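Asker: In the working numbering, the protein residues as written are 11 to 462. Cβ coordinates follow ideal geometry from the N, Cα and C atoms, glycine included. Being a predicted model, the structure only gives us computed values, none of them experimental.
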Amino acid sequence: MKVSKGAALLVLAAIGAAGRRSVPETPPVDRAALAVKVREELRHAWAGYERYAWGHDELKPLSKTARDWYGEPLLMTPVDALDTLLLVGLKDEANRAKGLILERLSFDRDVSVKNFEITIRLLGGLLSAHQATGDPRLLALADDLGTRLLPAFASPTGMPYMFVNLKTGKTSGARSNPAEIGTLLLEFGTLSKLTGKPVFYEKAKKALVALYERRSPIGLVGEEIDVETGKWLSPASHVGGGIDSYYEYLLKAARLFGDADCERMWAESLRALNAHLADEEPSGLWYGQVDMNTGQRTASEFGALHAFLPGVLVLGGDVAHARRLQDSCLAMWKLRGIEPELLDYQRMRIVDPGYPLRPEIVESAFYLHRFTKDSRYLEMGRTFFDAIRARCRTAEGFTVLKSVDSGEQGDLMPSYFLAETLKYFYLLFSEAPWDFEKTVFNTEAHPMRRTW
Ligand code: DMJ
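1. Can you give, in chain order, each stretch of the alpha helix (DSSP H) that sits fully within the region 84–136 and has at least 4 residues?
2. Between the region 412–425 and the region 381–398, can you find at least three pairs of beta-carbon atoms closer than 8 Å?
3. Let me confirm a value: P443 is counted as buried when at least 16 other C-beta atoms fall within 10 Å, else exposed. Which label applies?
4. Considering only the alpha carbon of each residue, which of L97, A214 and V324 lies closest to A429?
5. Within 8 Å (strictly less), CB to CB, does K213 reach chain C?
6. For the region 407–441, which segments carrying the alpha helix (DSSP H) assignment without a break, of at least 4 residues, lie completely within its bounds, in sequence order?
7. I want to check one thing, is the minimum distance from the CB of T143 to the heavy atoms of the ligand DMJ below 7 Å?
8. Decide if the region 218–237 is in contact with the region 265–282; the criterion is three or more beta carbon pairs, one per stretch, under 8 Å apart.
9. Sorry if obvious, but does the Cβ on T453 come closer than 7 Å to a heavy atom of the ligand DMJ?
10. Is I191 close to the ligand DMJ? I mean its beta-carbon at under 7 Å from any heavy atom of the ligand.
11. Which residues mark the beginning and the end of the alpha helix (DSSP H) in which D271 is found?
12. Roughly how many angstroms lie between the CA atoms of Q141 and L367, to the nearest whole one?
13. Do you know how far the Cα of R401 is from the Cα of T449?
14. Tell me the residue span of the beta strand (DSSP E) that contains Q336.
15. Would you please state the rounded distance, in angstroms, between the beta carbons of E197 and I253? I believe it to be under 8 Å.
16. Could you have a look at V300 and say whether DSSP puts it in helix, strand or coil?
17. Work out the CA separation of Y436 and Y377 for me, nearest whole Å.
18. Drop a sphere of 10 angstroms on the beta-carbon of N452, count the other beta-carbons inside from all chains shown, and report buried for 16 or more, exposed for fewer.
19. Please report the distance separating the alpha-carbon of M275 from that of R281.
20. In terms of residue numbering, what span does the beta strand (DSSP E) encompassing K70 cover?
21. Judging by CA-CA distance, which residue of V209, H54, E60 and D118 is the nearest neighbour of E82?
22. Specify, as a first and last residue, the run of the beta strand (DSSP E) that E290 falls within.
23. Y80 to V410, Cα distance in whole Å?
24. Unbroken alpha helix (DSSP H) runs of length 4 or more, entirely within the region 138–199: which are they?
25. Is the region 221–234 touching the region 281–290, taking contact as three or more C-beta pairs under 8 Å?
26. Quick check: does the Cβ of E370 come within less than 7 Å of any heavy atom belonging to the ligand DMJ?
27. Give me, in chain order, the residues of the same chain whose beta-carbon lies closer than 8 Å to that of L110; leave out the 5 immediate sequence neighbours on both sides.
28. DSSP on L352, reduced to helix/strand/coil?
29. Label S385 either buried or exposed according to how many other C-beta atoms from any shown protein chain fall within 10 Å of its C-beta, with 16 as the threshold for buried.
30. For V121 versus L160, is the C-beta spacing smaller than 8 Å?
31. Based on DSSP bridge pairs, tell me the residues matched to W242.
32. Roughly how many angstroms separate the alpha carbons of L295 and G250, rounded to a whole number?
33. What do you reckon, is the C-beta of S122 under 7 Å from a heavy atom of the ligand DMJ?
34. Nearer than 7 Å: is that true of the beta carbon of Y80 relative to any heavy atom of the ligand DMJ?
35. State the Cα-Cα distance for the pair F439 and D301, rounded to the nearest angstrom.
Structure follows, in structure tokens:
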């Protein structure tokens, strides 16, 4: 049969259209609806805390019990969650969280706490809640806490000990790392600005500079250092746990305080990261591990904590690297439909299969969307949100995964899930008004506003 050219074209067009129809289409992202869902999931998570862990640090949603970090509760979840509850407009819940904090939170306790964790979660949370509410009692609590943490800095180098007793000021833990030493200036600096007491800024800045000055000749820091001798105990250099937020704070302290030293330290550190850690592989761009002195590659590992880096890169203006690294993070997520704690990116093999409800990949999607306006970051956010709801939601809250392979759940809702993971989802989907020139989020996602 003879078919005219016009008819053949019509048939081909029809086949093409049918073919295209057979590919499932991704529905457009409905930002407003997703923002409402995030608010509802925060309400759900907080309700679980109220019901089973009220007055304690964290909820264990499977056993319906509570976890306290140091035996005596320091209200990690209420302090970490308060500014997120305020942000999404859960007013009654926020009032109850604030009431609990004002009624029960006392730092006059004979417990030896981790300076870093208490600073990013509690000091950061109290400062941002004070800025959001204007309540001077929250600043008074922050001032008291900051004062009790100060003895940590009394080492020969000025780099803080890992632990400090809140009552006695006794310190311990000379073996520390860049993240614990260098992730303090946003909180201590803001405390100085809001109280007019310069000592907090000075101590945290001195520690940061002391660490930076011990970088290797090729500009890198290692994984462990002795804060008494200033000697490196591990030369492994990477952007994962133990180092990560040291880099974040160099950039963010430059932005929040206009600190020129931090600006210079950030620029030099970024140059070293791009020269030595950036790793082009067939699977994409990654930032791996090298020896801080020689630059020799020692591992090809990247994981959920490393995934903060695209966000920091784009905040620092490096959109191209940020975009490519976030694509790698997405590939890591897609391996099992939710991200593992650690991946060998050369073999694309999972090294540590846990997923403890981490926020970093969401945080990076938020920053990338904010700076590029590219809707694919909204789609990524929806992918992450849907997976967390499908696999980590429980009847009483949300919980960690022991394994992204088996899907087996563990029994903990970390306070950062409310401070960070849900906050970054909400910031990504909603169009909450933020003055980004004046606001910097600390590493626990507590916004610090430059009001000075
Ligand atoms: C949080 O406490 C902070 O983001 C910290 O910088 C790293 N670990 C957790 C979240 O993963």
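Answerer: The relevant details are as follows:
1. 86–98, 101–114 and 125–128
2. The region 381–398 and the region 412–425 do not touch, with fewer than 3 CB-CB distances between them shorter than 8 Å.
3. exposed
4. Measuring from the Cα of A429, the nearest candidate turns out to be L97.
5. The question asks about chain C, but that chain is absent: this structure has only one protein chain.
6. Entirely contained in the region 407–441, the alpha helix (DSSP H) runs reaching 4 residues are, in chain order, 432–439.
7. no
8. yes
9. Yes; taking the cut-off as 7 Å, the Cβ of T453 has a heavy atom of the ligand DMJ nearer than that.
10. no
11. A270 to A282
12. 27 Å
13. 33 Å
14. Not the beta strand (DSSP E): Q336 falls in the alpha helix (DSSP H), residues V329 to R346.
15. With a Cβ gap of about 19 Å, E197 and I253 do not count as contacting.
16. The answer is strand: DSSP assigns V300 an E or B state.
17. It is roughly 12 Å from the alpha-carbon of Y377 to the alpha-carbon of Y436.
18. buried
19. 10 Å
20. E68 to K70
21. D118
22. A288 to E291
23. 21 Å
24. 146–159 and 188–192
25. Output reads yes: the region 281–290 touches the region 221–234.
26. Yes, the ligand DMJ has a heavy atom inside 7 Å of this Cβ.
27. Excluding residues up to 5 positions away in sequence, W64, G65, L85 and P88 lie with their Cβ nearer than 8 Å to the Cβ of L110 in the same chain.
28. strand
29. exposed
30. no
31. I235
32. Cα to Cα, the separation comes out at about 15 Å.
33. no
34. no
35. Spanning the alpha carbons of F439 and D301 requires a straight line of approximately 40 Å.
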